[in-house]
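Below is one structure, written out as structure tokens; comments come after it.
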Amino acid sequence: MGWVLFALAGAGCLLAAFWLMFRVRRQLGEMVELLEEIRAGNHNRRLLAPPGRMTAPLAYAINRLVRDYEEERLRFRQTEEADRQLMTGLSHDIRTPLTTLIGYLDAVHRRVVTGPERERYLEIARQKAHRLKGTTDELFSWFKLYAGEEPLQPVRLDLGELTRGILVDWVPLLEEGKIAYEVEIPEQPFWVKLDPEGYRRILNNLLQNLLDHSGATRVTLSLETSAEAVTVRLADNGVGIAPEDLAHIFDRLYKCDPARTSVGSGLGLAIARQLAEGMGGQITAESRPGQGTAFVLGFPRYGAETFQEKPKVAVRTV
Amino acid sequence: MTTYLIETKDLTKQYGDQTSVNRLNLHLRPGRIYGLLGRNGAGKTTTMKMLLGLTRPTAGEVLLFGMPLRGNERKILPRIGSLIESPGFYPNLTGTENLRIFARLRGIPSADAIREALALVGLPYRDKKVFSQYSLGMKQRLAIALAVMHDPELLILDEPINGLDPIGIAEIRSFLRKLCDEKGKTILLSSHILSEISLLADDVGILHQGVLLEEESLAELEARNGRSIHLSVSDSAQAARLLETELHTTAFRVEDDHSLRILDLGLPIPAIARTMLAGGLDLQDLHLCEDTLEDYFKRVTGGEGIA
Numbered sequence: 197m198g199w200v201l202f203a204l205a206g207a208g209c210l211l212a213a214f215w216l217m218f219r220v221r222r223q224l225g226e227m228v229e230l231l232e233e234i235r236a237g238n239h240n241r242r243l244l245a246p247p248g249r250m251t252a253p254l255a256y257a258i259n260r261l262v263r264d265y266e267e268e269r270l271r272f273r274q275t276e277e278a279d280r281q282l283m284t285g286l287s288h289d290i291r292t293p294l295t296t297l298i299g300y301l302d303a304v305h306r307r308v309v310t311g312p313e314r315e316r317y318l319e320i321a322r323q324k325a326h327r328l329k330g331t332t333d334e335l336f337s338w339f340k341l342y343a344g345e346e347p348l349q350p351v352r353l354d355l356g357e358l359t360r361g362i363l364v365d366w367v368p369l370l371e372e373g374k375i376a377y378e379v380e381i382p383e384q385p386f387w388v389k390l391d392p393e394g395y396r397r398i399l400n401n402l403l404q405n406l407l408d409h410s411g412a413t414r415v416t417l418s419l420e421t422s423a424e425a426v427t428v429r430l431a432d433n434g435v436g437i438a439p440e441d442l443a444h445i446f447d448r449l450y451k452c453d454p455a456r457t458s459v460g461s462g463l464g465l466a467i468a469r470q471l472a473e474g475m476g477g478q479i480t481a482e483s484r485p486g487q488g489t490a491f492v493l494g495f496p497r498y499g500a501e502t503f504q505e506k507p508k509v510a511v512r513t514v
Numbered sequence: 008m009t010t011y012l013i014e015t016k017d018l019t020k021q022y023g024d025q026t027s028v029n030r031l032n033l034h035l036r037p038g039r040i041y042g043l044l045g046r047n048g049a050g051k052t053t054t055m056k057m058l059l060g061l062t063r064p065t066a067g068e069v070l071l072f073g074m075p076l077r078g079n080e081r082k083i084l085p086r087i088g089s090l091i092e093s094p095g096f097y098p099n100l101t102g103t104e105n106l107r108i109f110a111r112l113r114g115i116p117s118a119d120a121i122r123e124a125l126a127l128v129g130l131p132y133r134d135k136k137v138f139s140q141y142s143l144g145m146k147q148r149l150a151i152a153l154a155v156m157h158d159p160e161l162l163i164l165d166e167p168i169n170g171l172d173p174i175g176i177a178e179i180r181s182f183l184r185k186l187c188d189e190k191g192k193t194i195l196l197s198s199h200i201l202s203e204i205s206l207l208a209d210d211v212g213i214l215h216q217g218v219l220l221e222e223e224s225l226a227e228l229e230a231r232n233g234r235s236i237h238l239s240v241s242d243s244a245q246a247a248r249l250l251e252t253e254l255h256t257t258a259f260r261v262e263d264d265h266s267l268r269i270l271d272l273g274l275p276i277p278a279i280a281r282t283m284l285a286g287g288l289d290l291q292d293l294h295l296c297e298d299t300l301e302d303y304f305k306r307v308t309g310g311e312g313i314a
């Protein structure tokens, strides 16, 4: 009697095993089918499995792989899309000034204007050509920075001294623009490690931006230092920046007011950010519309570390 | 490979002798957010129900992922996450427990899918609060978590921001935008609020009394309806020069050799016309475009407006 039970149990086990095998095989078949579809280009498919299922860990692992790959691919596509938009924006930004320039030269050429008026047109055209070259230069340098082709050469320097040196050149321009200025740079040295030319360009771009767009009558530049960082703060009392614009001012070609296309390439602040980040620093802006804007640059302090960087001489007992 | 993720062909639904959805031809491109805009009773929910096979169309066809929905439901539906009205959650279980039930039924794509889904919508994992004690906003969040838990390719969301407060709306908005931009999901959502759609959607379909009046990308609609003066002349270069020398404005863009867009709306149109003609230019077109999107929707829906 025992052997019958035994055989029945055996047959039952065998059946269960077959059934399980059948199920797993079907699940594997579904997985292969889906992987084929993923291979064909649809990276958004997922293998779904209830948590307890035998093949679930395999399905989850495959999903993770596909998902990571897809996210990577999408990031790449986003950069591509941004580049495409940049190109369209650039051609727009070149076309308007260039066409206007041609307008003046054509008028001269067709003798629409004569005498002193003709001279005036030629002068306007000349200035426009120069401005266009300025824009092109800026674009070029931005591209070089963006592509990492222009390596920055950081050296240890006193940021206070460097900043004062740069500001001296701006004094006449600020006075011409009737902007009162206040410089709060304490006499102590502010040691940082950065590329002086890069820093000069950041500050120049910020000040140019202030002259062109802020409508400020007062500007304050101050330097502060904390345990880790040196902070440069450039604050004005101008028109300010609307909150919805503030998030984008460091983007390439972002202009707050689309009606003001005449001044600037829209690249100054983007270049400033690229440079600041390229030197291990950061740039932020805070603003209250109607009350003014402050640009804040932060660079890691460099000084305490210099003492540790003494050449390590191997101690050798003779 | 530009197959549409959702395509409908003359989709029609009649209830008795009332036509709720009339010969609808929707086209959803992959990787985009499509906003179905319409007033209450325009047929948005009925359309979505037909897309999900929850109600059978009177006529017409639904194609999802390039396959007809009829007969392929088992293949297609697991690839969609949806939110239509409110899902049936157990009131005496917590959010996590509710999702766990659905995970067992439907399968999930990763071991911690439930926690991830809850984190995405900003609900706590393994909270003690049972569903019946949830606020309206929390219920809505849980429903969205359920829709995204299996990481579907396509989301169909009917009025997803219903019941959320302004901060919640902004959170869900940026969450949906991220799903689309960073994960490549395609989203169809409906709303009766114009500003919501214009903040979120890439493509817009305007549904009015069961008829799809317009289907267009938002960028195109906005470009068509931006506030500016459009000027078509024989010579853009001279027009640009005249704008500067005679009208003293630099706020314009040259679009091509014959057209310009003036952004300075303070310029009187007759003065522009006189200047161009006096400068010896042929004037083909000069008009003010100042429709806002709102005005536009009012016009296409026959003056009744939407919001």
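Top line first, the protein sequences correspond to chains A and B. Mapping the first sequence onto my numbering, position 250 (from 1) lands on 446, and the numbers just tick up by one. Mapping the second sequence onto my numbering, position 118 (from 1) lands on 125, and the numbers just tick up by one. From the three backbone atoms N, C-alpha and C, an ideal C-beta is built for every residue, glycine too. These figures come from a predicted structure and were not determined experimentally.
Is the closest heavy atom of the ligand PLP to the C-beta of residue i under 7 Å?
i                : result
THR53 of chain B : In terms of ligand content, the structure shown is empty, and the ligand PLP therefore cannot be addressed.
How about residue i: is its C-beta nearer than 8 Å to some C-beta of chain A?
i                 : result
LYS190 of chain B : yes
GLU222 of chain B : no
VAL261 of chain B : yes
PRO167 of chain B : no
ASP289 of chain B : no
PRO94 of chain B  : no
GLU14 of chain B  : no
ALA152 of chain B : no
GLY88 of chain B  : no
ASP158 of chain B : yes
For residue i, which three-state DSSP category applies?
i                 : result
ASN32 of chain B  : coil
HIS294 of chain B : strand
PRO439 of chain A : helix
ARG322 of chain A : helix
PHE259 of chain B : strand
SER239 of chain B : strand
GLY42 of chain B  : strand
PRO253 of chain A : helix
GLY206 of chain A : helix
ILE13 of chain B  : strand
PHE503 of chain A : Any reading at PHE503 of chain A is ruled out, since the residue's pLDDT is 44, under 50, leaving its predicted position unreliable.
GLU222 of chain B : strand
PRO75 of chain B  : strand
ILE194 of chain B : strand
Between which residues of its own chain and residue i is the CB-CB distance below 7 Å, once the five residues before and five after are set aside?
i                 : result
VAL307 of chain B : ILE213, LEU220, GLU221
ALA124 of chain B : LEU106, ALA152, VAL155, MET156
ASN47 of chain B  : HIS199
Hey, is residue i's beta-carbon within less than 8 Å of any beta-carbon in chain B?
i                 : result
ALA455 of chain A : Any reading at ALA455 of chain A must be qualified, since the residue scores a pLDDT of 46, below 50, and its modelled position is unreliable; the value itself is stated next. Chain B, which has a Cβ nearer than 8 Å to the Cβ of ALA455 of chain A, makes this yes.
ALA245 of chain A : yes
GLN404 of chain A : no
ASP302 of chain A : yes
ARG291 of chain A : yes
GLU267 of chain A : yes
HIS409 of chain A : no
THR295 of chain A : yes
ILE445 of chain A : no
Kindly give me the distance between the Cβ atoms of residue i and residue j, rounded to whole angstroms, as I take these residues to be in contact under 8 Å.
i                 : j                 : result
HIS237 of chain B : ARG260 of chain B : HIS237 of chain B to ARG260 of chain B, Cβ: 11 Å. No contact.
ARG260 of chain A : SER117 of chain B : 6 Å
VAL211 of chain B : GLY38 of chain B  : Actually they are not in contact, since the Cβ atoms of VAL211 of chain B and GLY38 of chain B sit about 16 Å apart, beyond 8 Å.
LEU171 of chain B : GLN147 of chain B : 6 Å
VAL426 of chain A : ARG360 of chain A : With a Cβ gap of about 14 Å, VAL426 of chain A and ARG360 of chain A do not count as contacting.
Can you give me the Cβ contacts of residue i inside the same chain, cut-off strictly under 8 Å, excluding the 5 residues immediately before and after it?
i                 : result
LEU249 of chain B : THR282, MET283, GLY286, LEU288
LEU84 of chain B  : LEU59, GLY60
GLU346 of chain A : SER337, LYS340
At what residues does the beta strand (DSSP E) containing residue i begin and finish?
i                 : result
PHE495 of chain A : 488 to 496
GLN478 of chain A : 478 to 484
THR163 of chain B : A quick correction: the sequence has Ile, not Thr, at residue 163 of chain B. Segment 161 to 165, the beta strand (DSSP E) holding ILE163 of chain B.
Provide the residue span of the alpha helix (DSSP H) that contains residue i, from first to last.
i                 : result
HIS239 of chain A : It is not in any alpha helix (DSSP H) - HIS239 of chain A carries neither H nor E in the DSSP assignment.
ILE375 of chain A : Careful: ILE375 of chain A lies outside any alpha helix (DSSP H) and carries neither H nor E.
ILE91 of chain B  : Note, ILE91 of chain B: premise wrong, no alpha helix (DSSP H); not H, not E.
THR52 of chain B  : 51 to 58
ARG352 of chain A : Element bounds for ARG352 of chain A: not the alpha helix (DSSP H) but the beta strand (DSSP E), 351 to 354.
GLU104 of chain B : 102 to 113
With a CB to CB cut of under 6 Å and the five nearest residues on each side skipped, what residues in its chain are close to residue i?
i                 : result
THR416 of chain A : GLU378, ALA431
MET8 of chain B   : Because MET8 of chain B carries a pLDDT of 44, less than 50, the predicted location of this residue cannot be relied on, and no value is offered for it.
THR62 of chain B  : LYS56
LYS16 of chain B  : GLY67, GLU68
For residue i, would you say it is in contact with chain D, using Cβ-to-Cβ distances shorter than 8 Å as the test?
i                 : result
THR489 of chain A : The displayed structure is made up of protein chains A and B, and chain D is not among them.
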